[in-house]
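What follows is one structure encoded as structure tokens, with my remarks underneath.
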Amino acid sequence: MFVIMGANPAASQGSMMSAPDVVGLIDEIRKRGKVIVVDPVRTATAARADEWLPINPGTDAALLLAVTHVLFDEGLVRTGHLESLLDGLDRLRGIVDDWSPERVADTCGIDATRIRDLARELAAAPRAVVYGRIGLCNQEFGSLASWLVDVVNILTGHFDTPGGAMFPRPAVWTLTTETLPGLEDGAAGFGRWRTRVRGAKEVLGQAPVSCLAEEIATPGEGQIKALITVAGNPVLSTPGGHRLDEALSGLEAMISVDIFLNETTRHADVILPGLSPLEQPHHDDLLLSFAINSFANYSPPVFFPEDPDRPEEWEILIRLTGLCTGTPAEDVDVAAIDDGFFDYMAFTEASTVPRCASNTTVADRNGCWT
Numbered sequence: 001m002f003v004i005m006g007a008n009p010a011a012s013q014g015s016m017m018s019a020p021d022v023v024g025l026i027d028e029i030r031k032r033g034k035v036i037v038v039d040p041v042r043t044a045t046a047a048r049a050d051e052w053l054p055i056n057p058g059t060d061a062a063l064l065l066a067v068t069h070v071l072f073d074e075g076l077v078r079t080g081h082l083e084s085l086l087d088g089l090d091r092l093r094g095i096v097d098d099w100s101p102e103r104v105a106d107t108c109g110i111d112a113t114r115i116r117d118l119a120r121e122l123a124a125a126p127r128a129v130v131y132g133r134i135g136l137c138n139q140e141f142g143s144l145a146s147w148l149v150d151v152v153n154i155l156t157g158h159f160d161t162p163g164g165a166m167f168p169r170p171a172v173w174t175l176t177t178e179t180l181p182g183l184e185d186g187a188a189g190f191g192r193w194r195t196r197v198r199g200a201k202e203v204l205g206q207a208p209v210s211c212l213a214e215e216i217a218t219p220g221e222g223q224i225k226a227l228i229t230v231a232g233n234p235v236l237s238t239p240g241g242h243r244l245d246e247a248l249s250g251l252e253a254m255i256s257v258d259i260f261l262n263e264t265t266r267h268a269d270v271i272l273p274g275l276s277p278l279e280q281p282h283h284d285d286l287l288l289s290f291a292i293n294s295f296a297n298y299s300p301p302v303f304f305p306e307d308p309d310r311p312e313e314w315e316i317l318i319r320l321t322g323l324c325t326g327t328p329a330e331d332v333d334v335a336a337i338d339d340g341f342f343d344y345m346a347f348t349e350a351s352t353v354p355r356c357a358s359n360t361t362v363a364d365r366n367g368c369w370t
């Protein structure tokens with residue numbers, strides 16, 4: 001059983017899920033089981049599914065709270081091998097006690113009986129998974145909805161198990177499976193510090209990018225006065241982009257590492273272009289953290305740049321790091337730093353790290369905004 005929420009893999013080809021021929025995989029699941037799409041829109045994926053549940057926009061969290069309510073209320077919770085890793089089940093039970101399907105039915109636009117049946121089907125299926133993507137996250141209670149996807153998968157015994165939500169093991173270090181040297185207990189960080197203006201909590205060593213504009217525009221100790229952007233366009237892609245657009249002009253210094261002039265990089269004092277994607281080799285060390293299988297791939301450059309001395313993005317970033325730490329760019333030994341980083345990746349004891357969600361780790365706070 002495959003429940004898809006806020007995703008349209010027929011159009012996105014799985015996006016970050018990194019699932020080749022994802023539509024073919026969905027069709028194969030339908031031959032052996034059932035595919036349900038929960039989405040306000042009858043997407044191309046919904047049209048191929050066994051069932052489409054047209055939920056009211058922005059109410060996914062309420063639906064998942066009701067599903068969780070049924071799992072507890074009807075004794076359907078099966079945490080299996082994850083039991084010893086879980087904390088707060090009784091507290092969760094108390095939270096969802098008031099969120100019955102009858103309470104959320106009108107809000108969600110889905111019949112209470114259907115919500116109960118959905119919970120029962122997930123609990124009864126030997127192999128099942130709830131999958132949520134960008135449409136689930138980009139709403140008022142998106143973080144809660146995304147968390148509840150994991151909650152439902154865990155409570156039904158479909159988390160870190162074949163046929164459920166699993167964790168691939170990329171060939172090199174990745175945030176989802178490895179601990180960082182010196183990070184106490186490998187524990188993920190949350191709320192260790194707050195943003196200066198709004199007081200938003202840190203999550204995984206990072207602050208919400210929606211806070212960036214106010215941190216630039218608000219005077220005082222800790223005000224952001226310089227910014228480096230890398231291959232991004234936050235003015236266009238982040239909440240309240242117009243406020244960030246106004247704030248960027250007030251920076252004392254801005255550097256953009258990018259091959260495009262866009263709504264964000266137009267504010268930069270300096271634009272440092274790396275090579276185009278076709279001019280550089282590629283190994284994906286991010287998306288493979290979310291792939292449906294563990295594998296590694298490598299793509300050589302399609303062609304080499306006309307100027308062999310043009311630096312790649314990673315070389316530019318190493319030199320910028322040197323400048324930020326007070327080392328003149330010409331004194332930065334790019335090759336030595338690259339060799340050291342590769343050695344760490346190659347010899348880190350990845351195989352000794354257990355494969356479970358409790359090993360999610362983070363970088364220290366270093367001015368990261370996501």
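So for the sequence shown, UniProt numbering puts the first residue at 1; every next one is plus one. All C-beta atoms, glycine included, are put in the ideal place defined by N, C-alpha and C. On a predicted model such as this, the values are computed, not experimentally measured, just so you know.
* Closer than 7 Å by C-beta to V22: which residues in its own chain qualify, once you throw out the five before and the five after it? Chain order, please. => The count along the sequence shown starts at 1 and reaches residue 22 at position 22. The residues are P9, Q13 and G14.
* To do: Pick out whichever of G132, F72, L82 and E102 has its Cα sitting closest to the Cα of A123.
  => Position 123 of the sequence shown holds residue 123. Shortest Cα-Cα distance from A123 to any of G132, F72, L82 and E102 involves F72.
* Please work out which residues of its chain come closer than 6 Å, Cβ to Cβ, to T265, disregarding the five sequence neighbours upstream and downstream, and give them in chain order. => Numbered from 1 along the sequence shown, position 265 holds the residue referred to as residue 265. Correct list, in chain order: S256, D258 and I271.
* Asked: Which same chain residues, not among the five before or five after D50, have their C-beta less than 7 Å away from its C-beta?
  -> In the sequence shown, the residue the question calls residue 50 occupies position 50. Excluding sequence positions up to five before and after D50, its CB lies within less than 7 Å of the CB of R30, K34, V35 and I36, all in the same chain and listed in chain order.
* Asked: Buried or exposed: where does W52 fall if 16 or more other Cβ atoms within 10 Å of its Cβ makes it buried?
  -> By one-based count along the sequence shown, residue 52 stands at place 52. So W52 ends up on the buried side.
* To do: Give the DSSP-derived three-state secondary structure of T45 in the structure shown.
  => The residue given as residue 45 occupies position 45 in the sequence shown. If DSSP states are grouped into helix, strand and coil, T45 belongs with the helices.
* Could you pull out every unbroken alpha helix (DSSP H) segment of at least 4 residues lying fully inside the stretch 251-326, listed in chain order? => With a minimum length of 4 residues, the continuous alpha helix (DSSP H) runs that stay inside the stretch 251-326 are 313-324.
* **From S84, G58, D39 and L118, residue whose alpha carbon lies closest to that of M1** => Residue numbering aside, residue 1 sits at position 1 when the sequence shown is read from its first letter. Nearest to M1 by alpha-carbon distance, out of S84, G58, D39 and L118, is L118.
* Give every residue of the same chain whose Cβ lies closer than 8 Å to the Cβ of T229, excluding the five residues on either side of it in the sequence, and list them in chain order. => Looking up residue 229 in the sequence shown gives position 229. Taken in chain order, the residues that qualify are M254, I255, S256, V257, D258, T264, T265 and A268.
* **Boundaries (first-last residue) of the alpha helix (DSSP H) holding A191** => Walking along the sequence shown from the start, residue 191 turns up at place 191. Checking the sequence, you will find Gly at residue 191 rather than Ala. From DSSP, G191 is part of no alpha helix (DSSP H) but of the beta strand (DSSP E) over F190 to R194.
* To do: May I have the straight-line CA-CA distance separating L89 from T68, to the nearest angstrom?
  => The sequence position of residue 89 within the sequence shown is 89, counting from 1. The sequence position of residue 68 within the sequence shown is 68, counting from 1. In a straight line, the C-alpha of L89 is about 11 Å away from that of T68.
* Please state if the CB of L275 and the CB of P305 are separated by a distance shorter than 7 Å. => Counting from one through the sequence shown, the residue named residue 305 turns up at place 305. Counting from one through the sequence shown, the residue named residue 275 turns up at place 275. The beta carbons of P305 and L275 sit closer together than 7 Å.
* May I ask which residues mark the beginning and end of the alpha helix (DSSP H) holding I36? => For this step, residue 36 is matched to residue 36 along the sequence shown. Taken as a continuous stretch (DSSP letters only), I36 belongs to no alpha helix (DSSP H), being part of the beta strand (DSSP E) at V35 to V38.
* Helix, strand or coil: which one does DSSP assign to V67? -> For the purposes of this step, residue 67 is taken as residue 67 along the sequence shown, with counting starting at 1. V67 sits in a helix when the DSSP states are folded into three classes.
* In angstroms with no decimal places, state the Cα-to-Cα distance between L86 and G6. => For the purposes of this step, residue 86 is identified with residue 86 of the sequence shown, where counting begins at 1. For the purposes of this step, residue 6 is identified with residue 6 of the sequence shown, where counting begins at 1. Cα to Cα, the separation comes out at about 27 Å.
* Asked: CB-CB under 6 Å to D245, same chain, minus the five flanking residues each way: which ones, in chain order?
  -> Residue 245 sits at position 245 when you count from the first residue of the sequence shown. The beta carbon of D245 sits closer than 6 Å to the beta carbons of V235 from its chain, once the five residues preceding and following it are set aside; these are given in chain order.
* Beta-bridge partners of M5, as assigned by DSSP -> Stepping through the sequence shown from its first residue, residue 5 is reached at position 5. When beta bridges are read from the DSSP output, M5 appears opposite V38 and G132.
* **For I134 and I4, the rounded distance between their alpha carbons** => Translated into the one-based positions of the sequence shown, residue 4 becomes position 4. Translated into the one-based positions of the sequence shown, residue 134 becomes position 134. About 11 Å.
* Helix or strand or just coil, what does DSSP make of V230? -> Taking the sequence shown and counting its residues from 1, one reaches residue 230 at position 230. In the structure shown, the three-state DSSP call for V230 is strand.
* In the structure shown, what three-state DSSP assignment does A112 receive? -> The residue given as residue 112 occupies position 112 in the sequence shown. A112 falls in the helix class under three-state DSSP.
* Asked: Between E315 and I337, what straight-line distance do the alpha-carbon atoms span, to the nearest angstrom?
  -> Translated into positions along the sequence shown, residue 315 becomes position 315. Translated into positions along the sequence shown, residue 337 becomes position 337. Their backbone Cα atoms lie some 10 Å apart in a straight line.
* To do: Pull up the distance between the alpha-carbon of A231 and that of R194, whole angstroms please.
  => The residue you call residue 231 lines up with position 231 of the sequence shown. The residue you call residue 194 lines up with position 194 of the sequence shown. Rounded to the nearest whole angstrom, the C-alpha separation of A231 and R194 is 26 Å.
* Asked: According to DSSP, is W147 helix, strand or coil?
  -> As a first step, residue 147 must be located in the sequence shown, where it is residue number 147. Note: W147 maps to helix in three-state DSSP.
* Asked: Under a Cβ-count criterion, where at least 16 other Cβ atoms within 10 Å of its own Cβ denotes burial, should R116 be classed as buried or exposed?
  -> Along the sequence shown, one-based indexing puts residue 116 at 116. Per the 10 Å Cβ criterion, buried.
* Endpoints, alpha helix (DSSP H) assigned at K31 -> For the purposes of this step, residue 31 is taken as the residue at position 31 of the sequence shown. Taken as a continuous stretch (DSSP letters only), the alpha helix (DSSP H) holding K31 covers V22 to R32.
* Just curious, the beta strand (DSSP E) that residue 379 is in, first and last residue? -> Any answer about residue 379 is impossible in this case: the structure gives the chain only from 1 up to 370.
* Asked: DSSP puts F167 in a beta bridge; with which residues?
  -> To locate residue 167, count along the sequence shown from 1; it is residue 167. Per DSSP, none; premise fails for F167.
* Asked: Quick one: what does DSSP say F141 is sitting in, helix, strand or coil?
  -> Stepping through the sequence shown from its first residue, residue 141 is reached at position 141. Residue state, collapsed to three classes: coil.
* Quick one: what's got a C-beta closer than 6 Å to L144's C-beta in the same chain, skipping five residues either side? -> As a position in the sequence shown, residue 144 is number 144, starting the count at 1. The residues are A61.
* Alpha-carbon spacing of A19 relative to A247, whole angstroms -> Indexing the sequence shown from 1 puts residue 19 at position 19. Indexing the sequence shown from 1 puts residue 247 at position 247. A straight line joining the alpha-carbon of A19 with that of A247 spans about 39 Å.
* To do: Given a cut-off of 7 Å, decide if A171 and A296 are closer than it, judged by their beta-carbon atoms.
  => As a working mapping, residue 296 is identified with position 296 in the sequence shown. As a working mapping, residue 171 is identified with position 171 in the sequence shown. In this structure, A171 lies closer than 7 Å to A296 by Cβ.
* **Rounded separation between P162 and G220 - CA only** => Locating residue 162 in the sequence shown gives position 162, counting from the first residue. Locating residue 220 in the sequence shown gives position 220, counting from the first residue. Roughly 52 Å separates the two Cα atoms.
* To do: Could you tell me which of R127, D150, G80 and T79 sits nearest to L65, measuring between CA atoms?
  => As a position in the sequence shown, residue 65 is number 65, starting the count at 1. Per the Cα distances, D150.
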